[in-house]
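Have a look at the structure below, then the notes.
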Amino acid sequence: MKDFRDLIVWAKAHQFTLAVYALTKGFPKDESYGLTSQLRRSAASIPTNLAEGCGRGTDRELARFCDIAMGSASEADYQLLLAKDLGYIDSSAFDLIYRQLTEIQRMLRSFIQRLRSA
Numbered sequence: 000m001k002d003f004r005d006l007i008v009w010a011k012a013h014q015f016t017l018a019v020y021a022l023t024k025g026f027p028k029d030e031s032y033g034l035t036s037q038l039r040r041s042a043a044s045i046p047t048n049l050a051e052g053c054g055r056g057t058d059r060e061l062a063r064f065c066d067i068a069m070g071s072a073s074e075a076d077y078q079l080l081l082a083k084d085l086g087y088i089d090s091s092a093f094d095l096i097y098r099q100l101t102e103i104q105r106m107l108r109s110f111i112q113r114l115r116s117a
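Per numbering that gives the first Met the number 0: the sequence shown = residues 0 to 117.
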């Protein structure tokens, strides 16, 4: 069993989640139960699944939860694009948070490959 707090990818995913929460505070109120909620949920799901996977007994199980985290990252990817296209996020804020997300996705891919080859 690994401590999720020791994973750099978890720390980056946690920071990304905090950034998403701050960013979505500025979304329209009528999106509270729509895009705001969906984006927050998909962002929080990334570090949550990493934490859950670390609590499992094997690298195989951890890899499975990393796959789920990757799926959540893909959801957040689209939701950020949608928020930008709807005008909820300006280009500079989008670029900053999108860079965070793509780094997390890259790290997750690498971590999954390492777990599967162990």
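Beta carbons are placed, not taken as given, at the ideal position from N, Cα and C, and that holds for glycine.
Just so we're clear, the structure is a prediction, and the values are computed from it rather than from any experiment.
For residue j and residue i, believed in contact at Cβ under 8 Å, the rounded distance
i	j	result
Leu49	Phe15	Their Cβ separation, rounded to whole angstroms, is 12 Å, which puts Leu49 and Phe15 out of contact at 8 Å.
Given residue i as reference, the closest of the options once Cα atoms are compared
i	options	result
Ile7	Gln104, Arg40, Gly33, Tyr77	Gln104
Ala10	Arg39, Phe93, Gln99	Gln99
Cys65	Val19, Asp5, Ala92, Ser44	Ser44
Phe93	Tyr77, Met106, Arg108	Tyr77
Gly70	Ser36, Asp29, Met106, Ser41	Ser41
Lys1	Ser36, Asp58, Ala68, Leu81	Asp58
Backbone CA spacing between residue i and residue j [nearest angstrom]
i	j	result
Ser90	Lys83	7 Å
Tyr87	Pro46	24 Å
Leu17	Thr23	10 Å
Arg63	Gly52	7 Å
Gly54	Ala12	17 Å
Leu125	Gly56	Beyond the ends of the chain as shown, which are 0 and 117, falls residue 125; an answer cannot be given.
Phe26	Tyr20	10 Å
Ser109	Leu79	23 Å
Gln112	Met106	10 Å
Ala117	Ile96	32 Å
Glu60	Leu85	38 Å
Unbroken alpha helix (DSSP H) run spanning residue i, endpoints
i	result
Lys11	7–23
Ile124	Residue 124 lies beyond the residue range present for the chain, which begins at 0 and ends at 117; the question has no answer from this structure.
Residue i Cβ short of 7 Å to the ligand MG heavy atom set
i	result
Ile45	With respect to the ligand MG, the structure offers nothing, as it holds no ligand at all.
Beta carbon proximity, residue i to chain B, threshold 8 Å
i	result
Arg98	Given the protein chain composition of this structure (a single chain), no chain B is represented.
Extract the residue ranges of the alpha helix (DSSP H) inside the region 25–81, only unbroken runs of 4 or more that lie entirely within it. 34–53
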